[in-house]
Amino acid sequence: MPAPVIGLTGGIATGKSTVSNYFKKLGITIVDADAIAKQVVAPNSPSLKKIKAHFGSQIVWDNGELNRAELRKLIFSNESEKLWLNNLLHPIIRQEILEQLNAASGLYVILDAPLLFENNLDKLCEKTLLVDIPEELQIMRGSERDGVNQEQIKQIITAQMPRSIKLKKADYVIDNALSLDNTYAQVMAIHQKLSNR
9 MPAPVIGLTG GIATGKSTVS NYFKKLGITI VDADAIAKQV VAPNSPSLKK IKAHFGSQIV
69 WDNGELNRAE LRKLIFSNES EKLWLNNLLH PIIRQEILEQ LNAASGLYVI LDAPLLFENN
129 LDKLCEKTLL VDIPEELQIM RGSERDGVNQ EQIKQIITAQ MPRSIKLKKA DYVIDNALSL
189 DNTYAQVMAI HQKLSNR
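If you count the sequence shown from 1, you need to add 8 to reach my numbering.
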């Protein structure tokens, strides 16, 4: 029987990766939706060939890798191109996620997905866990971490599901606004709950 799936999500710069790594240290299998999304557009992959055929060769770097910045520019302001890309990639990514989840064993498995709710991946989960910080802190941490201006971080936050809705949808919430020790203590408390079910 496959291990129960716990969905882990959080907006940009909330510290979701930190929380994910804590669970990994506890021996929990992590299925990383972002890593899978990168893998399906690896150089010479069928998906990348289709993307190149659709958008043109400027979408691929000389080394054969996807030029993500260029692709983002092309789809950011064009809803139909974004839809085309999502229709191509989402079913492939979802299939790979399902295969990895089914292969995982242990007390439970974590599905780490920034767009867990937006892409309806929470339907694959028994419980969901949101890493949360106040928006002002998110903007500050995001611009410091990524070396971009605060406006860009605000745009990304606006494009994601509102924090208020995510807070309502999540079964568990980790407040990551305080110290790392505090965050780790919250992870441990949730780990105990999930292990004792």
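Think of the CB as a built atom: it goes at the ideal place given N, C-alpha and C, for glycine as much as any other residue.
- Here residue 51 has 72, 73 as same chain residues with Cβ atoms under 7 Å from its own Cβ, once five neighbours each way along the sequence are excluded.
- Contact between the region 168-180 and the region 132-145 is established, with three or more Cβ pairs separated by less than 8 Å.
- The residue from 92, 121, 45 with its alpha-carbon nearest to that of residue 133 is 121.
- A Cβ-Cβ contact shorter than 8 Å links residue 184 with residue 23.
- Judged by their CB atoms, residue 49 and residue 117 are not nearer to each other than the 8 Å cut-off.
- Here residue 20 carries a coil assignment [DSSP, helix/strand/coil].
- For residue 15, the beta-bridge partners assigned by DSSP are 119, 136.
- Annotation: residue 195 is outside any beta strand (DSSP E); the continuous alpha helix (DSSP H) that includes it extends over 188-203.
- Between the region 60-79 and the region 15-29 there are fewer than three inter-stretch CB-CB distances shorter than 8 Å, so the stretches are not counted as touching.
- The beta carbon of residue 11 sits closer than 6 Å to the beta carbons of 112, 113, 114, 116, 117 from its chain, once the five residues preceding and following it are set aside; these are given in chain order.
- A distance of 8 Å or more separates the beta carbons of residue 126 and residue 171.
- Measuring C-alpha to C-alpha distances from residue 59 to each of 90, 105, 19 identifies 90 as the nearest.
- Contact between residue 83 and residue 45 is ruled out by a C-beta separation of about 14 Å, above the 8 Å threshold.
- For a cut-off of 8 Å, the C-beta gap from residue 41 to residue 105 is around 6 Å, short enough to register as a contact.
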